[in-house]
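This report refers to the structure that appears directly beneath it.
See the structure below:
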């Protein structure tokens, strides 16, 4: 595919304008729910309204300076020397559950980070709900693991991409979500040594994006996302069961909003994938959440029109907020995972 000189407009600026309210279910004007508009090869795409790396770092540092609840930690550097940030809330009390939200292992899967930044901002507020969460849960948020790929600052050409600005791979051309066994890349090595092994999270949601044409089974209905628990055979059954309960919390929260429609992601079983590897090695109950569409790709049917970004950011916020609330009040333990038995698998109607 010949590179197109296009630019991609997304809604990262909403984090500073207050357009999204965690838990509110607010959908921005122009958003069309799960069947929102696509990028069809003729829509102007603008990246400037996403948080660049520098803007993200500045956003996090400003919150850290004015919030006593937030402790901002640099836990490593990327191939190109960019700092990797971890937002910590709570004293890491061993008697409390610890949850990790991880975003943008793939640099072109951008809106998950925009949602995570919104949640970080929310957790620096002084509301009663936030206070309850922080009194009962240790919260870790690692926004944008693949900081080089997200900047397009890589050691290979992006000429085949729609806009040539974001790539799935890190600067060395490696898929970080296939490096959770060997840990040859500095990003995954730092995540394991300085976050997973140091803080021992009990739960993790790994937020990603998928193609635009994923449907609910063979119904033809486009989904807003897909979820999956760890499927590797070496995962402890109790860890898998808790993962399924985590999925129930997220599923019920998203489906209740009216704009969300989720399918079961048909993922692999390899331990190189974080969903499987972290559950098997560390006993972390993990959930994969794949949002609809990507900011950039060499396949046009994977790139989503910007008018859908508001509800997708809100979907990420909803999933994270619901998880925190369920851990804080203990309701995750009573979540019913039986929905997995009838949840249709994803089908892809793209090219």
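In mature numbering (1 follows the signal peptide of the UniProt record, and there is no 0), the protein residues as written are -29 to -1, 1 to 322.
Just so you know, even glycine gets a beta-carbon here, dropped at the ideal spot from N, CA and C.
Quick test of the definition: if touching needs 3 or more C-beta pairs under 8 Å, does the segment 264 to 278 touch the segment 181 to 191? yes
Pop quiz: residue 161 and residue 46 are said to be a contact at Cβ under 8 Å. What is the actual Cβ separation, rounded to whole angstroms?
Here the question's residue 161 lines up with position 190 in the chain shown. Here the question's residue 46 lines up with position 75 in the chain shown. At roughly 5 Å, the Cβ-Cβ gap stays under 8 Å, so residue 161 and residue 46 are in contact.
Identify which residue in 248, 247, 200 has its Cα closest to the Cα of residue 309. Walking along the chain shown from the start, residue 309 turns up at place 338. Proximity to residue 309 across 248, 247, 200 peaks at 200, based on C-alpha coordinates.
(message) Give me the DSSP bridge partner(s) of residue 186.
(response) Start at 1 with the first residue of the chain shown, and residue 186 comes out as number 215. Residue pairing of residue 186 in beta bridges, as defined by DSSP: 193, 318.
Notebook entry, point to check: Skipping 5 residues on each side, what residues in its chain have a beta carbon closer than 6 Å to that of residue 143?
Noted result: Counting from 1 along the chain shown, the entry for residue 143 is found at position 172. 50.
Relative to the C-alpha of residue 209, which candidate in 186, 175, 256 has its C-alpha closest?
As a working mapping, residue 209 is identified with position 238 in the chain shown. When C-alpha distances from residue 209 are compared across 186, 175, 256, the shortest belongs to 256.
Bridge partner(s) assigned by DSSP for residue 56: Indexing the chain shown from 1 puts residue 56 at position 85. Bridge partners of residue 56: 45.
Just mark residue 319 as buried or exposed, buried being the case when its beta carbon has 16 or more other beta carbons within 10 Å. Position 348 of the chain shown, counting from 1, holds the residue named residue 319. Answer is exposed; the Cβ neighbour count stays below 16.
Neighbourhood of residue 167 by C-beta, 7 Å cutoff - its chain only, sequence neighbours within 5 removed | Position 196 of the chain shown, counting from 1, holds the residue named residue 167. If we look at residue 167 and ignore the five residues flanking it on each side, its Cβ neighbours are 249, 253.
Tell me the DSSP secondary structure of residue 156 in three-state form.
By one-based count along the chain shown, residue 156 stands at place 185. In the structure shown, residue 156 sits in coil (DSSP, three-state: anything other than H, G, I, E or B).
Give every residue of the same chain whose Cβ lies closer than 8 Å to the Cβ of residue 313, excluding the five residues on either side of it in the sequence, and list them in chain order. Taking the chain shown and counting its residues from 1, the one referred to as residue 313 is at position 342. There are no such residues.
* Asked: Do you know offhand how far residue 111's Cα is from residue 36's?
  -> The residue you call residue 111 lines up with position 140 of the chain shown. The residue you call residue 36 lines up with position 65 of the chain shown. Rounded to whole angstroms, the separation of the alpha carbons of residue 36 and residue 111 is 18 Å.
Which residues does DSSP pair with residue 263 in a beta bridge? Translated into the one-based positions of the chain shown, residue 263 becomes position 292. DSSP lists 181 as partners of residue 263.
Close beta carbons around residue 236, own chain, < 7 Å, minus the five adjacent residues each side
Against the chain shown, residue 236 aligns to sequence position 265. Excluding residues within five positions, the ones whose Cβ falls inside 7 Å are 197, 198, 199, 259, 261, 317.
Which residues mark the beginning and the end of the beta strand (DSSP E) in which residue 111 is found? Looking up residue 111 in the chain shown gives position 140. 109 to 113 is the span of the beta strand (DSSP E), which, as asked, contains residue 111.
**Item:** Start-to-end residues for the beta strand (DSSP E) that takes in residue 245
**Value:** Counting from 1 along the chain shown, the entry for residue 245 is found at position 274. Residue 245 -> not in any beta strand (DSSP E); alpha helix (DSSP H) instead, spanning 245 to 253.
- Message: Could you check whether the segment 127 to 143 touches the segment 92 to 110, counting it as contact only if at least three pairs of C-beta atoms, one from each stretch, sit closer than 8 Å?
- Response: no
* Asked: Which of helix, strand or coil does DSSP assign to residue 63?
  -> Taking the first residue of the chain shown as position 1, residue 63 is located at position 92. In the structure shown, residue 63 sits in coil (DSSP, three-state: anything other than H, G, I, E or B).
Next item on the list: With a 10 Å radius around its C-beta and 16 neighbouring C-beta atoms as the bar for buried, classify residue 62 as buried or exposed.
Entry: On the chain shown, residue 62 is found 91 positions in, with the first residue counted as 1. Counting Cβ neighbours within 10 Å, residue 62 comes out exposed, since fewer than 16 surround it.
Checklist line | Simplified DSSP assignment, three categories, for residue 72 | finding: As a first step, residue 72 is located in the chain shown; it is residue number 101 there, counting from the start. Residue 72: strand per DSSP, three-state reduction.
Practice prompt. For the alpha helix (DSSP H) containing residue 234, list its first residue and its last residue.
Written response: Residue mapping note: residue 234 aligns to position 263 of the chain shown, counting from 1. Residue 234 -> not in any alpha helix (DSSP H); beta strand (DSSP E) instead, spanning 233 to 235.
When the Cα of residue 270 is compared with those of 33, 131, 148, 106, which residue comes out closest? Counting from one through the chain shown, the residue named residue 270 turns up at place 299. For residue 270, the nearest C-alpha among the options comes from 131.
### Task
Just tell me which of 164, 32, 311 has its CA closest to the CA of residue 91.
Within the chain shown, numbered from 1, the residue matching residue 91 stands at position 120. Comparing C-alpha distances from residue 91 to each of 164, 32, 311 shows the shortest one belongs to 32.
The segment 147 to 155 / the segment 238 to 246 touching (three or more Cβ pairs under 8 Å):
Cβ pair count under 8 Å is three or more, so yes.
Residue 311 to residue 218 span [Cα, whole Å]: Locating residue 311 in the chain shown gives position 340, where the first residue counts as 1. Locating residue 218 in the chain shown gives position 247, where the first residue counts as 1. Between residue 311 and residue 218, the C-alpha separation is close to 9 Å.
Shortest alpha-carbon distance to residue 52 belongs to which of 290, 124, 75, 215? Your numbering for residue 52 matches position 81 in the chain shown. If we check each option's Cα against that of residue 52, 124 comes out closest.
With 16 other CB atoms within 10 Å as the buried threshold, where does residue 127 fall?
Within the chain shown, residue 127 is the residue found at index 156, counting from 1. Residue 127 is exposed by the Cβ-count criterion.
For residue 207, count neighbouring C-beta atoms within 10 Å of its own C-beta (all shown protein chains included) and say buried if the count is 16 or more, exposed if not. On the chain shown, position 236 is the one that residue 207 refers to. Label assigned to residue 207: exposed.
Open item on the list: Using a Cβ-Cβ cutoff of less than 8 Å, which residues in the same chain neighbour residue 23 once the five nearest sequence positions on both sides are dropped?
Closed with: Taking the chain shown and counting its residues from 1, the one referred to as residue 23 is at position 52. Once the five neighbours on either side are set aside, the close Cβ partners of residue 23 are 122.
task = Could you tell me which residues DSSP puts in a beta bridge with residue 170?
result = Taking the chain shown and counting its residues from 1, the one referred to as residue 170 is at position 199. Answer is none; residue 170 lacks a bridge partner.
Report the CB separation of residue 287 from residue 220 in whole angstroms; it is logged as a contact under 8 Å. By one-based count along the chain shown, residue 287 stands at place 316. By one-based count along the chain shown, residue 220 stands at place 249. Not quite, the Cβ-Cβ distance comes to about 14 Å (not below 8 Å), so this is no contact.
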